[in-house]
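Residue numbers (my numbering), protein chains in the order written: chain A, 1 to 332; chain B, 333 to 795; chain C, 796 to 1225. Every residue, glycine too, gets a C-beta built ideally from N, C-alpha and C. Here's the structure we're looking at; comments come further down.
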Amino acid sequence: MRTTIVSAVLVVLLGLGLLVGAGVENGPNPFITLGVMNGAVFGLVALGLVLVYKGTRVFNFAQGEFGTIAAYLLFLSINRGWPYWVGILVALAGTVLIGLVLERGVIRPLINAPRINVLVATIAAALFMIGMEILIARIEPRSLSPIIAAVDSSGNPNGVTVFNLPIEPQRLIALGVLLSLGGVLAWFFSKTDLGLAVLATSQDAFATRVMGIGIERMSRFIWVSAALLGAIAGILYVPLTGALTPAVMTSNILIPAFTGAVIGGMTSLPGAFVGGIVIGVVQSVGLWAGGHFTIGEKALQEVIPGVEQVTILLVLLAVLLSRPQGLLGKEA
Amino acid sequence: MLMVAAACGQKPGVVDSTAVTTASGEEGVIDSSGNLIDPETGEVLATAEELASGSETTGGGGTTTTTTGGGSSTDDGGSDTAAGPSGGEEPAPSGGDSTGVEGDTIKIGIHAPITGAAPVPSQSFDKGKDLYWEYLRNSNQSINGRNVEVVFRNDNYNPSQAVAACREMVEDEKVFLLVGIAGTDQIQACARYAASVGVPYVSAGVTEIGLTTLRNYFAIWMTYPQQGPLLADLLVTKLGAKNEKNGMVRFNTPTFTDGHDAWVSAMEEAGASVDYDRAVSKTAGTSEAQTIATELRTQGIENVHVLVSPTFFIQLAQTAANQQYKPQYVGYGLTKGLDTVANVACKNSQSIQNARFLSPFPAFFDSNRFDPDFRKAGGTDDIMFGLWGSSKVIATMLKNAGKDLTREGFIYANERASTIKTGVFPDVKFSSSDHLGGSAMHLLRADCPNNRFVTEQAFVSDF
Amino acid sequence: MSTQTDETQTISPVASEPSRFRPSTRGWAIRLVVIALLAVVTVWRVATVQPLWADHISLAAIFAIIGLSLNIVLGYTGQVSLGHHAFVGLGAFIAAHHITERAGCAPEEGCIESSLGTFSVAILLAILSGVISAGLLGMVALRIKGLYLALITLTYGFVAVNSIFEISSLTRGGAGMPAPRPATFFSDHKYMVLCLGLLGVCMFIDWRFLRSKMGRAVLAVKSSEAVAASYAVNVTAYKLMAFMLSGAFAGLAGALFAFRRQIVVAPDFSFSTALLWVLMVVVGGLGSRLGVVIGSMFFALFPFLIQLVGFLNDFLANTLQRDPEELTLVIGPFLALLTMIQFPGGIAEQISPITRWLGGDRFTMHPEGKHHKPSLLQRRRAKKQGLEVHDDAELVATKSEDLLRDAAGEPDAASTQTMAAVDSSEEVKS
């Protein structure tokens, strides 16, 4: 079953590649690559979502804002003249602290509440963080510099060019971080006692407690890790967008990441990765196709505005109806 | 359409001379095309051109309609302009609505987005909106014995909220007139509302759709359709667009279509091609920015005309620069703070180096060249400078209306007033048939190493 | 609220306490006088309100209808809709489009007032659009177990914003679609009366819906899907019905929203708006009609209320240099978090002493009656005194009934009512 699905996805991607490859003037079409690159970031955020879901069976709507807050902390640190790595440490530490506060103040009191209440609570937490960002930082856009500049001081590109798409070093770092974090998490959940304990908690909290595992400890661990993952995603992604604004991670990343995670299967780490990339490619190719193809006199996007979003909804519905547990997810 | 009662009453006050009634003293009606017509017979008493042309027209039994610019030191519009209308001149309204004028203050209302998708930085706006009026007060100047109090409402970059904001200012705060300086859709919505309640609306130069027929509407700089040919001229004459690939990226809103069409046809007339033309959703984010940047780069577009929000422009320019693609950006006058854009978009990659924008006011960097009073009064950025300039225009417009300030009188007087010169904004001149007052712009260039815009050419009407 | 309690009593004889408190004639008289006074003061205040506040109250009524709509999904079926901005927005654009484009009443052609006929048709079309879109989405989404409705509605919301609201013939893009009111409801006062009236109708329908067999079945489904299904309740069909009713309310609210400012633009309906709506329902009290209406109205009026408090407004504007609306973005979520953690019953629970008293019960300050989950504060106090508070066991037992109990407004009756509901649903089937 799984191999069929994976090969089906590959066939779809290949088809897209052929379709797209046909319509470009100067060399290979870069939009698939662009989609894969964006999808990698969606996958990074989706990892955090899957982690929380595996641990607590909750969709965490605050995952995106961990990233935005980390980006603001990094921005503030750099602006104070601190070295970049200090800024990263400050951002990670600050976000972990927020994760702790969120866990203690919001999640813990709701540990026995219906899951829907916890979901709504994470929404409230995300909106609260966005509100605070707007209140403190205002909506003005700000510029956050990348770890390694895209162009060096003499004007030469630092990155590589793949299929007619120059890829910044920051993206390569993001891709590497995603792959290694995915690996670490997969190892953690399958090979370590702590990981197994986390999984056990999510499946039957009461029984887990009876077995002598502290739910509180598990919960704290999960949310701190989620905050950490969110912060890493924010630090890596925001410099790529060009503008740091309140809610930047929620409005640009969280929703595609969610869709990706669901498509891949909320419980599967490789699924999050695959789902994220599927969404990234659909989005990028859809946006390009909307302006590129014409129906009669009109551009496709004038006939069907938001082609990419419509396609994403259709893909989501198709996956959920045919395989409710997602592409790579396990049953329940 | 506005009914104007035949007026016999002399308007007291500082207006040097009163306007005339029609020769026969009948009631006249200005129709939508600006002609003065007899309401009984429908006969045209005076065409719009006659009404507008003023002194060039010979004959007629009217006296002159003249206003002075008042006593402002920066205003050189004090010379009287004679206007001798022929046939029947529309009579000056007597009486009228003087809401918002109380004692020695005139209350005006201004709406702008300080939240929403494309906000104006609120600290600058808060300070800037009062800056000129405080300066007037501190230097003991006044508008015919009065000063101005500014009421502000946030429109959240949303037309329906703009209408609500304007309503609140009209009904609750009882402002004399409304001002909109940023946000095309909001300005259009609010100006229409203002027209429905007879409140004068002083506006930024934006779209013309649905606005040119409103009698209460005054655009104090060139509209987008007027800027279109100017921008095309800039591209062709100065930036060599004829032999290059040109493109435009705009937000998908009907109020940008006239600005878009005017530019495209001007480009074609000038012999330059438009090779890329894309409308994006107003809600577009980084994914859209990346896709468009990639499209522009792969198609090799060298000049990109942007008509989008500052944030989206930054995202576009930055993601393009990340792909080592830095085209020549050009655009219409923005009032939401070009320096803020430069501050963000120049960092790291200098992505908008040499971007050129038309602007109704010069760059903040060389503001002293144009009006040294601005920095003395405490102005610290370009948003304040824009507000300062528009306040100066509004001050002159209010002076034009005379001591006996009414909404009708304001509209009437400014249709006949002499050219408004502020030293900051290019000349502004209205007539009864044309409420789009601008005729020139400034050209600003991004000076990226210094994170700012500089004035490349001031007061240009062609290149 | 009162009727609900009474009926619960009749449905479930088991739940009735041995000696149920009955107020004396004097007691009833006092209650009636208080109710009458409340009604008179409210009507008088509302009737003499300034036009601007009439407009604000219209918004509050519209928010309340949206709250009721969401409450059906959240409070009754136990699902989350994160795409309600799409239903409301679609209703708004359909109504405006009908008036301006189909009935030809466009402001640029000098039409300022629509006719009452087209206005009514526009509202009906908006309701229909809500029913149909909710029906289509629900047919797919409700087949999938778990909280996936949240994600599907969320994605649908993004489709609406990026695709449907971008169709310029429907929305006129960023400039907005005009929606002139008819002469009958042209002034803000008249329009406010219309909005409040329709809110009343919605509350009535909601009340009848919950009392109907379908309503009881929906509650039963929420309480335990498995139990309900074993009684042969068609789980998906009932959920779908509830979802469509929710869509109808949302469509109506959308139409009223459009006519309120007589122009409607896409940014009015954003993802964050939908999230804020979810929160206002939670703050109001999940499942409680009155609580949800009060909570929604509070969220709608909050930015205006803050402006009334002069010093607070001055502090915001001058010292913090912030717009009151920006503060709403923080206060709203904060209240929601506070509600969920400390007062899970929301506003409904907090006002329950009064509502219960008015309904003919004894006056007790205990917010929830007998069953009172100890709050964090109380637990901490108890801990100080050396007492262990074991609420876990109780929680496990009552978890599924928590929200249901709020809905019924009578803690003791909850479980029996579920049974009764299941029984009656069984009757429907057989």
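Taking a Cβ-Cβ threshold of 9 angstroms, none of the residues of chain C is close to residue 544/B; the smallest such distance is about 12 angstroms. Between residue 661/B and residue 684/B, the C-beta spacing is below 8 angstroms. When rounded, the separation of the alpha-carbon atoms in residue 125/A and residue 750/B is 58 angstroms. Residue 437/B carries a strand assignment under DSSP once its states are collapsed to helix, strand and coil.
Taking 8 angstroms as the CB threshold, residue 213/A stays off the interface with chain C. With a beta-carbon spacing of about 5 angstroms, residue 882/C and residue 1042/C fall inside the 8 angstroms limit used to define contacts.
Rounded to whole angstroms, the Cβ separation of residue 138/A and residue 454/B is 7 angstroms, and the two are in contact under 8 angstroms.
By the Cβ-count criterion, residue 999/C is exposed, with fewer than 16 other Cβ atoms from all chains shown falling within 10 Å of its own Cβ.
At a beta-carbon threshold of 9 angstroms, none of the residues of chain A lie near residue 1068/C; the nearest stands roughly 11 angstroms away.
Residue 1054/C counts as buried, since at least 16 other C-beta atoms from the protein chains shown sit within 10 angstroms of its C-beta. As DSSP reads the structure, residue 691/B sits in a beta bridge with 774/B. Annotation note: the region 99-170 of chain A contains the following uninterrupted beta strand (DSSP E) runs of length 3 or greater, listed N- to C-terminal: 160-162 and 165-167. Restricting attention to beta strand (DSSP E) runs no shorter than 3 residues, the region 598-657 of chain B encloses them at 608-612 and 635-639, ordered along the chain. Put simply, the backbone Cα of residue 189/A is about 16 angstroms away from that of residue 213/A. When the five nearest sequence neighbours on each side are left out, the beta carbons in the same chain lying within less than 8 angstroms of the beta carbon of residue 856/C are those of 987, 990, 991, 993, 994, 1051 and 1092, in order along the chain. Between the region 909-922 of chain C and the region 884-901 of chain C there are three or more C-beta pairs closer than 8 angstroms, enough to call the two in contact. Listed along chain C are 1056, each with a C-beta nearer than 7 angstroms to that of residue 496/B.
CA-CA distance, residue 879/C to residue 597/B, rounds to 42 angstroms. Assigned with DSSP and collapsed to three states, residue 577/B falls in coil, not helix or strand. Interface with chain A (8 angstroms Cβ-Cβ cutoff): residue 938/C is included. Within chain C, the residues placing a beta-carbon under 8 angstroms from that of residue 517/B are 969, 970, 971 and 1060, ordered along the chain.
With the criterion set as a beta carbon lying under 7 angstroms from some beta carbon of chain B, the region 62-83 of chain A has no members that meet it.
In chain order, 242 make up the part of chain A whose C-beta sits under 8 angstroms from the C-beta of residue 649/B. Under the three-state reduction of DSSP output, residue 34/A falls in the helix class.
It is roughly 10 angstroms from the alpha-carbon of residue 606/B to the alpha-carbon of residue 573/B.
According to the DSSP assignment, residue 485/B belongs to no alpha helix (DSSP H) but to the beta strand (DSSP E) extending over 479-486. The beta carbons of residue 433/B and residue 737/B sit closer together than 8 angstroms. Using a Cβ distance threshold of 8 angstroms, residue 459/B and residue 716/B count as a contacting pair. Within the model, the alpha-carbon separation for residue 169/A versus residue 656/B is close to 13 angstroms.
Listed in chain order, the positions of the region 676-706 of chain B with a beta carbon within less than 7 angstroms of a beta carbon of chain A are 676, 679, 680 and 681. With respect to chain B, the C-beta atom of residue 283/A has a partner C-beta closer than 8 angstroms.
Taking C-beta atoms as the reference points, residue 922/C and residue 1047/C count as a pair closer than 8 angstroms. Residue 535/B: member of the beta strand (DSSP E) spanning 533-535, first to last residue.
If you draw a straight line from the Cα of residue 225/A to the Cα of residue 177/A, it comes to about 15 angstroms. Contact between residue 281/A and residue 15/A does not hold, since the beta-carbon distance rounds to 11 angstroms and is not under 8 angstroms.
Here the C-alpha atom of residue 185/A lies approximately 10 angstroms from the C-alpha atom of residue 270/A.
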